[in-house]
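**Q** First the structure, which I've put down as structure tokens, then a few questions once you've had a look.
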Amino acid sequence: MTEPISYDQLLSILVRDEPRVLTRITALFGRRGYNIKSLSVGNTEHPGVSRMTIVVHGDRGVVEQAIRQLEKLHDVVKIIDHSLEKYVDRELVLVKVAITPESRVEVRQIAEDFRSRIVDVGRHALTFEVTGDEGKLTAFIEQMRPFGILETMRTGRIALTRGSNADIASHIYHGGESDTLRPALEGLEAREERARGVPNLF
Amino acid sequence: MGQADGQEPSGQELSRGEMTGAKALWATLANHGITTVFGYPGGAIMPVYDALTFYPEVRHVLTRHEQGAAHAAEGWAKATGEIGVCLATSGPGATNLVTGLADAMMDSVPLLAITGNVARHLMGTDAFQEADITGITLPITKHNYVVRDVEELPQIIAEAIRIARAGRPGPVLVDIPKDVQLAAYAGAIPSPHARPEIPAPSDESIERALELLRSAKKPVIMAGGGSLDAAAEITALARAWDIPVITTLMGLGAFPASDPLWLGMPGMHGSVAANRAISEADVLMGIGLRFDDRVTGRVGGFAPNASIIHIELDAAEIGKIIRTHVPVRGDAKVAAVKLTEGALKGVWPDWTAQLQEWKDRNETPDHWGAGYAVKAVVDRLTPDDILSSDVGQHQMLAAQLARFEKPRRWLNSGGLGTMGFGFPAAIGAGMAEPGVRSVVIAGDGGFQMTAQELATLKMYDIRNVKICIINNSFLGMVRQWQEMFHGKRYSEVWLGDSNPDFLKLADAYDVPGYRASSAEELPGAIDAWLADPKSALLEVVVPHEHGVFPMVPAGAALYEMIESDPRRAAELKAQLADAPMNEAPTSTAAEVNDA
Ligand SMILES: Cc1ncc(C[n+]2csc(CCOP(=O)(O)OP(=O)(O)O)c2C)c(N)n1
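Chains as they are written, first to last, in full-length UniProt numbering: chain A, 1 to 202; chain B, 1 to 595.
Written as structure tokens, this is what we have:
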């Protein structure tokens, strides 16, 4: 039998913004032994809904199983499997590079080639901010490596599907096409509504 | 009326008075048709227990351990198909529910667990009897909640009930801080959510399944626990096509055992016919099951010649373990009805004949031993009786030997294999169906894990629970593995010197006891035990070292099964069948330690 091919796969998961959601999701991946390569979470335009982008490393079977298990979670509103559609993805990295009086100009020049911004200037180091896809960030870091990389921090990838193929339901973007989130969000809104009407007793 | 007994204030109407979170909880449960809850009180859930006195329409059953409450609620749910409810206080009370929740998760039992917790301002401070029960139960519940606002409490309960019952059922836990239980509640009491519709399978998937069935030469149906509510439709389907049916441990009763098409149970202790059928089949149609490893044996050797049709509600189960050629996602009932239309009948006479030949090979235990005793007991059951089992050899023997005609008459811990499950589950089922006999077969080991629930029988004067302990003085199933795979080193499995006198134990709780130690004594003892107007206990003392066969050793394929007991064959040969029964085990833990 040939080994299934493993590669990085990108998922966006829209979740209810409630306690323990992150734990539930990561616990699910952990228990089943799926390795999360990167995870980034942020709010969406819709109150009560957060969006995670997860990069899972594994073969197609692993990712399909992960999606089906995730779909069963009550907190999960929608899962977007980016392997099925065209998408844009970005990652932000902060890189602190050692400099000497001799290397300073060259380092700055490379950074400029990458359209990178300097966010901190020290006597012995410059800190750059770079955004882009994975390949660009990796290339940047490789270019800087000979000068001495002191520290890096990457945010993890974030992704959206391309064009008018909106990930999120129309009543969030007012006039898009998809309505898939509506039933889940209606329940959420009803609960928020109730919660708002209630004075905090403590 | 248990809890309310003796607590009704004299000469004064009970007044529900001002609504609190705790009262809203009971009102919501009552609105959802919950008539019985199993539980155990404590500090952090006292407002709920106090409010209970205002809701006589809900019966509270005080078990003697929270694990007993959880399994009783499971027994209730497994027998009725309705949700079971259990209750516990914070910390140790809540953690005592954990085994029951894990069990319910594995076996897809709709369960609502309600736990008290410390007041909100104490949560997260390691306060007295605080445990992060939602954290602890995260992987073993379908969903769980901490109620942080009293205004959300009734809605959350309603939603929890919906989630527990929806789709593939499972346990949901709601943790309620004590101050939320006490807080005033001004809102409405919610009515039940409509049950979410179960999606029907796509026409395309049904068409593909039909195509495959029509081209089959050796088809077989394998029905699991998820097929129980479609038993009638599956029976019609199998009969329309003449397809033989295997029912898994969880699916026993999904197809009538009296039907010639029934082949028994598959897997580790499955029947010869079932396991051969799987190994030879060219089309295997699994319905409502998850291909547990105890069923498949070595996955690579499972149904090696078959194309697989998998009818299953939970998409995550399709293709999880076994490659599936035709996935049919959706309601098993609808699928069975659609697949019945256009059936071809009787087109594989050779296959049916071959299976019958294998079926005839099933041995009936004809010499004194655990199998003999279990068979004598299950032969006395009627199709309406509920049979629970605990976990071990007696469980596998009961599963092999009992003949179920209907679904939801067989309760056991399939996925988790929880010792201590059987007896409290029988109590729960017995309380759900007081007019029905609720029989439990347990081992001497497992019974002692929840034996304290004898008190529950006494307290509520439950009369329809019949306990049968198969006493082999061993943790029998572990001993069998030690015998077969660990050079007969019987490490820590001998109970014989320390078992209680089970009849005296029962007597201490006013439960009548009967005992049989030989084939001659057994029929009389069974008669007396079943005829007793009260719940009663029967201890059957059996030889120490019997094994359960057939058996597929762990890691082997189904076709590598050991069909019959090799020891028995040797015994017969050596004419040792009448060896004294109470001899000491061949090697005890003490000897092992000495060695
Ligand atoms: C709570 C729990 N602990 C341990 C086990 C492991 N185990 C499986 S079967 C078994 C032996 C059961 O012995 P007994 O109850 O006497 O039944 P028998 O096998 O003898 O019929 C044990 C210890 C288990 N299934 N559950």
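Every residue, glycine too, gets a C-beta built ideally from N, C-alpha and C.
So which residues of chain A does B/P139 contact, with C-beta pairs closer than 7 Å?
**A** As a first step, residue 139 of chain B is located in the second sequence; it is residue number 139 there, counting from the start. Ordered by position in chain A, the residues that pass the 7 Å Cβ test against B/P139 are A27 and R31.
**Q** With 8 Å set as the bound, which would you pick, yes or no: does the beta-carbon of A/K72 sit closer than that to a beta-carbon of chain B?
**A** Here residue 72 of chain A refers to the residue found at position 72 of the first sequence. The beta-carbon of A/K72 is placed less than 8 Å from the nearest beta-carbon of chain B.
**Q** Given a cut-off of 8 Å on the beta-carbon distance, is the pair B/V85 and B/L29 in contact?
**A** Position 85 of the second sequence, counted from the start, is the residue given in the question as residue 85 of chain B. Position 29 of the second sequence, counted from the start, is the residue given in the question as residue 29 of chain B. In contact: B/V85 and B/L29 (Cβ atoms closer than 8 Å).
**Q** As a quick exercise: from B/D390, B/P424 and B/R489, pick the residue whose alpha carbon is nearest that of B/G443.
**A** Position 443 of the second sequence, counting from 1, holds the residue named residue 443 of chain B. It is B/D390 whose Cα lies nearest to the Cα of B/G443.
**Q** Taking 7 Å as the cut-off, is the C-beta of B/N464 nearer than that to any heavy atom in ligand 1?
**A** Translated into the one-based positions of the second sequence, residue 464 of chain B becomes position 464. Checking every heavy atom of ligand 1 against the Cβ of B/N464, none is found closer than 7 Å.
**Q** My guess is that B/I467 and B/L537 are in contact by the Cβ rule of under 8 Å, so how many angstroms apart are they, rounded?
**A** One-based indexing of the second sequence puts residue 467 of chain B at position 467. One-based indexing of the second sequence puts residue 537 of chain B at position 537. Indeed, because the Cβ distance is near 4 Å, the residues count as touching under 8 Å.
**Q** With a CB to CB cut of under 8 Å and the five nearest residues on each side skipped, what residues in its chain are close to B/G524?
**A** Your numbering for residue 524 of chain B matches position 524 in the second sequence. Hits under 8 Å: A516.
**Q** Excluding five sequence neighbours on each side, which residues of the same chain lie with their C-beta closer than 6 Å to the C-beta of A/H171?
**A** In the first sequence, counting from the first residue as 1, residue 171 of chain A sits at position 171. Legend: pLDDT at A/H171 = 44, less than 50; position of this residue unreliable, value from coordinates given subsequently. If we look at A/H171 and ignore the five residues flanking it on each side, it has no Cβ neighbours.
**Q** Using beta carbons (cut-off 8 Å, strictly below), is A/Q69 in contact with chain B?
**A** The residue given as residue 69 of chain A occupies position 69 in the first sequence. At a cut-off of 8 Å between C-beta atoms, A/Q69 counts as an interface residue with respect to chain B.
**Q** Against chain A, which members of the region 107-141 of chain B pass a CB distance test of less than 8 Å?
**A** Cβ contacts with chain A come from R120, H121, T134, G135, L138 and P139.
**Q** Please look up how many angstroms separate the CB atoms of A/I80 and A/I54, rounded, as I've assumed it's under 8 Å.
**A** In the first sequence, the residue the question calls residue 80 of chain A occupies position 80. In the first sequence, the residue the question calls residue 54 of chain A occupies position 54. With a Cβ gap of about 11 Å, A/I80 and A/I54 do not count as contacting.
**Q** Could you spell out where the beta strand (DSSP E) holding residue 661 of chain B opens and where it closes?
**A** Any question about residue 661 of chain B goes unanswered here, given that chain B covers just 1 to 595.
**Q** Would you list the one or two residues that DSSP bridges to B/A181?
**A** As a position in the second sequence, residue 181 of chain B is number 181, starting the count at 1. Just to set this straight, residue 181 of chain B is Gln in the shown sequence, not Ala. Per DSSP, none; premise fails for B/Q181.
**Q** In the UniProt domain "ACT" (10-84) of chain A, which residue ranges form an unbroken beta strand (DSSP E) of at least 3 residues, counting only runs that do not cross its ends?
**A** 35-43, 49-58 and 76-81
**Q** When you compare the CB of B/R16 with every CB in chain A, is at least one pair closer than 8 Å?
**A** Numbered from 1 along the second sequence, position 16 holds the residue referred to as residue 16 of chain B. No - not a single Cβ of chain A is within 8 Å of the one on B/R16.
**Q** Using a Cβ cut-off of 8 Å (strictly closer), state whether B/I163 contacts chain A.
**A** As a position in the second sequence, residue 163 of chain B is number 163, starting the count at 1. B/I163 counts as touching chain A.
**Q** Based on the DSSP output, what are the partners of A/F128 in its beta bridges?
**A** What you label residue 128 of chain A is simply residue 128 of the first sequence in a count that begins at 1. Residue pairing by DSSP places A/F128 opposite A/V95 and A/I118 in a beta bridge.
**Q** How many angstroms separate the CA atom of B/A24 from the CA atom of B/G39?
**A** The residue given as residue 24 of chain B occupies position 24 in the second sequence. The residue given as residue 39 of chain B occupies position 39 in the second sequence. Cα to Cα, B/A24 sits roughly 18 Å from B/G39.
**Q** For B/V440, verify whether its CB is less than 7 Å away from any heavy atom of ligand 1.
**A** Mapped onto the second sequence, residue 440 of chain B falls at position 440. Because no heavy atom of ligand 1 lies under 7 Å away, the Cβ of B/V440 does not count as near it: no.
**Q** Around the C-beta of A/M153, are 16 or more other C-beta atoms found within 10 angstroms, so that it is buried, or is it exposed?
**A** For the purposes of this step, residue 153 of chain A is taken as the residue at position 153 of the first sequence. The residue is exposed, with fewer than 16 neighbouring Cβ atoms inside 10 Å.
**Q** Where are the alpha helix (DSSP H) runs, 4 residues long or more, that stay fully inside the region 415-455 of chain B, in chain order?
**A** 422-432 and 444-447
**Q** Just to make sure I have the definition right: I need the residues of chain B whose C-beta is within less than 7 Å of the C-beta of A/Q65. Which are they?
**A** The sequence position of residue 65 of chain A within the first sequence is 65, counting from 1. The contacting residues are A316 and K320.
**Q** Just checking: is the beta-carbon of A/R60 within a distance shorter than 8 Å of some beta-carbon in chain B?
**A** In the first sequence, counting from the first residue as 1, residue 60 of chain A sits at position 60. No, no contact with chain B.
**Q** In or out: B/A335 buried (at least 16 other Cβ within 10 Å) or exposed?
**A** Reading the second sequence from its first residue, position 335 is the one you call residue 335 of chain B. When all chains shown are included, B/A335 counts as buried.
**Q** Please say whether B/A72 and B/V58 have beta carbons closer to each other than 8 Å?
**A** In the second sequence, residue 58 of chain B corresponds to position 58, counting from 1. In the second sequence, residue 72 of chain B corresponds to position 72, counting from 1. Taking 8 Å as the Cβ cut-off, B/V58 and B/A72 do not qualify as a contacting pair.
**Q** Could you please give the first and the last residue of the uninterrupted alpha helix (DSSP H) stretch that includes A/V105?
**A** One-based indexing of the first sequence puts residue 105 of chain A at position 105. Per DSSP, A/V105 is one residue of the alpha helix (DSSP H) stretching across R104 to D113.
**Q** Any beta-carbon of chain B closer than 8 Å to the one on A/T23?
**A** For this step, residue 23 of chain A is matched to residue 23 along the first sequence. Yes, because at least one Cβ of chain B sits closer than 8 Å to the Cβ of A/T23.
**Q** At a Cβ threshold of 8 Å, is A/R16 touching chain B?
**A** Here residue 16 of chain A refers to the residue found at position 16 when the first sequence is read from its first residue. Chain B contact via Cβ: absent.
**Q** Who are the Cβ neighbours of A/H174 in its own chain at under 8 Å, not counting the five residues just before and after it?
**A** By 1-based counting over the first sequence, the position of residue 174 of chain A is 174. Residue confidence for A/H174 is low, a pLDDT of 41 falling below 50, so the modelled location carries little weight and cannot support an answer.
**Q** Under the rule that 16 or more other beta-carbon atoms within 10 Å means buried, what is A/L84, buried or exposed?
**A** The count along the first sequence starts at 1 and reaches residue 84 of chain A at position 84. Exposed, because fewer than 16 other Cβ atoms sit within 10 Å of the Cβ of A/L84.
**Q** Under 7 Å between beta-carbons, which chain A residues line up against B/H143? List them in chain order, please.
**A** In the second sequence, counting from the first residue as 1, residue 143 of chain B sits at position 143. Under the 7 Å cutoff, chain A gives H74.
**Q** Going by DSSP, name the residue or residues bridged to B/K23.
**A** Locating residue 23 of chain B in the second sequence gives position 23, where the first residue counts as 1. Paired residue(s): none; B/K23 is not in a bridge.
**Q** Flag this pair as yes or no: are the beta carbons of A/F147 and A/A98 separated by less than 8 Å?
**A** Looking up residue 147 of chain A in the first sequence gives position 147. Looking up residue 98 of chain A in the first sequence gives position 98. Yes, Cβ-Cβ distance for A/F147 and A/A98 is below 8 Å.
**Q** Can you tell which of B/G251, B/G253, B/A223 and B/N144 has the C-alpha that lies nearest to the C-alpha of B/I243?
**A** Position 243 of the second sequence, counted from the start, is the residue given in the question as residue 243 of chain B. Here the closest residue by C-alpha is B/A223.
**Q** Within 8 Å of any Cβ in chain B, is that where the Cβ of A/R162 sits?
**A** Residue 162 of chain A sits at position 162 when you count from the first residue of the first sequence. Output row for A/R162: interface = no.
**Q** CA-CA distance, B/I495 and B/S473?
**A** Taking the first residue of the second sequence as position 1, residue 495 of chain B is located at position 495. Taking the first residue of the second sequence as position 1, residue 473 of chain B is located at position 473. For the record, residue 495 of chain B in the displayed sequence is Leu; it is not Ile. Each residue's Cα considered, the two are about 5 Å apart.
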